[in-house]
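Written below as structure tokens is the structure these notes are about.
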Amino acid sequence: MSSTTPPPAITVQETTVGYGDFTAVRGLSVEFPRGQFTCIIGPNGCGKSTLLRALARVLTTTAGTICLDGKEIGSFDRKELSRCIALMAQDASAPEHLTVTELVARGRFAHQGLLGQRSSQDWDKVSQALSTVELGKLADRRLSELSGGQRQRAWLAMALAQDTPVLLLDEPTTFLDLGYQHELLTLIASLSANEHKTVIAVVHDLQQAVRFADHLVALKDGQLVAHGKPTDVVTAKLIKSLYGLSAEVTRAGARRHTVIVPN
Numbered sequence: 022m023s024s025t026t027p028p029p030a031i032t033v034q035e036t037t038v039g040y041g042d043f044t045a046v047r048g049l050s051v052e053f054p055r056g057q058f059t060c061i062i063g064p065n066g067c068g069k070s071t072l073l074r075a076l077a078r079v080l081t082t083t084a085g086t087i088c089l090d091g092k093e094i095g096s097f098d099r100k101e102l103s104r105c106i107a108l109m110a111q112d113a114s115a116p117e118h119l120t121v122t123e124l125v126a127r128g129r130f131a132h133q134g135l136l137g138q139r140s141s142q143d144w145d146k147v148s149q150a151l152s153t154v155e156l157g158k159l160a161d162r163r164l165s166e167l168s169g170g171q172r173q174r175a176w177l178a179m180a181l182a183q184d185t186p187v188l189l190l191d192e193p194t195t196f197l198d199l200g201y202q203h204e205l206l207t208l209i210a211s212l213s214a215n216e217h218k219t220v221i222a223v224v225h226d227l228q229q230a231v232r233f234a235d236h237l238v239a240l241k242d243g244q245l246v247a248h249g250k251p252t253d254v255v256t257a258k259l260i261k262s263l264y265g266l267s268a269e270v271t272r273a274g275a276r277r278h279t280v281i282v283p284n
């Protein structure tokens, strides 16, 4: 590591995570760069979401360590960790009668006192999060009245309201059409580029991961296959290894974006 490279935000060392007798992530060691947008990629069932949930301590490791800023996440109390890491879960749910503001305000729980009262700073953070995802005009709209894209942005706003340096997103573009996917990923990428957040997302669409991420982590069968810059990681050989798909990887357009073309 060079003297100009900041230490990683999260370090995973020889970590194993599972469900009962099933091991989903096995002996994994990887670092997540600070202030960058990292996408975790790989085939279905390779352990992407399991790893993300372990980073948030939703799942506990059976071996190895996960450290945030050099401190093992198991040593944080619940509120302390929630002030450092926010998770936008794939299966998140809330009562449909809640307004957008009420949902987003739930992101401030880690900053509230014993009585659970919200301060003016809490409401400022809620307003700021709504503005960031461009939902200010829908602040009083009920969740049941939102489109799929608006609902995803509302959940993202709740995570942003936690005001954490690390943001974890589990398949944030699920159920969204192509336009909404591009819009949401553009917004997510801006959080690391403009606000220096460490953003880690599970993304199924390899083309989008290459387009938007600063860094990729590729998994297969719960183990690390590759990691690094998207243009270095995504090759025809990697695609064949991960997905069993023969493809060409080319560059196109004025910005020389990576394009994946199945054979």
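Numbering (the numbering used here), first residue to last: 22 to 284.
Where a beta carbon is used, it is the ideal one built from N, C-alpha and C, also for glycine.
Since the structure is predicted, the reported quantities are computational estimates derived from the model, not experimental observations.
| Asked | Found |
| --- | --- |
| What is the DSSP secondary structure of Phe233, reduced to helix, strand or coil? | helix |
| Where Val33 and Gln57 are concerned, what is the direct C-alpha to C-alpha distance, given to the nearest angstrom? | 16 Å |
| Would DSSP call Thr226 helix, strand or coil? | Before going further, note that residue 226 is Asp rather than Thr in the sequence given. Coil. |
| Does the beta-carbon of Ser70 have 16 or more other beta-carbons within 10 angstroms, so that it is buried, or is it exposed? | buried |
| For Ser23 and Val246, what's the separation of their Cα atoms in angstroms? | Low per-residue confidence applies at Ser23: pLDDT is 49, beneath 50, and the placement is therefore not dependable enough to give any value. |
| Hey, would you say Ala115 sits closer than 9 Å to Leu189, going by beta carbons? | no |
| If distances are taken between C-alpha atoms only, which option among Gly68, Arg163, Thr44 and Glu216 comes closest to Leu263? | Gly68 |
| When DSSP labels each residue in this structure, what does Gly200 get in the three-state scheme? | helix |
| Mind the definition here: the region 118-137 touches the region 194-210 only if three or more C-beta pairs lie below 8 Å; say whether that holds. | no |
| Thinking C-alpha only, which one of His217, Val238 and Gln228 is nearest Val280? | Gln228 |
| Can you name the start and end residues of the beta strand (DSSP E) that Val266 belongs to? | Here the sequence assigns Leu to residue 266, which means Val is not the residue at that position. Neither: Leu266 is in no beta strand (DSSP E) and is coded neither H nor E. |
| Alpha carbon to alpha carbon, what distance is there between Gly39 and Ala84? | 10 Å |
| Tell me the DSSP secondary structure of Ser140 in three-state form. | coil |
| Tell me whether the beta-carbon of Ala75 lies closer than 9 Å to the beta-carbon of Ser103. | no |
| Going by DSSP in three states, Gly39 sits in which element: helix, strand or coil? | strand |
| Can you tell me where the alpha helix (DSSP H) with Pro251 in it begins and where it stops? | Pro251 to Val254 |
| Please specify which runs of the alpha helix (DSSP H), each continuous and at least 4 residues long, are wholly inside the region 86-169, giving them in chain order. | 99-103, 121-126 and 141-153 |
| Name the two residues that bound the continuous alpha helix (DSSP H) containing Leu80. | That residue, Leu80, is in no alpha helix (DSSP H); it is neither H nor E in DSSP. |
| Any idea what DSSP makes of Glu52, helix, strand or coil? | strand |
| Look at the alpha carbon of Phe43 and the alpha carbon of Asp242, and state the distance between them as a whole number of angstroms. | 12 Å |
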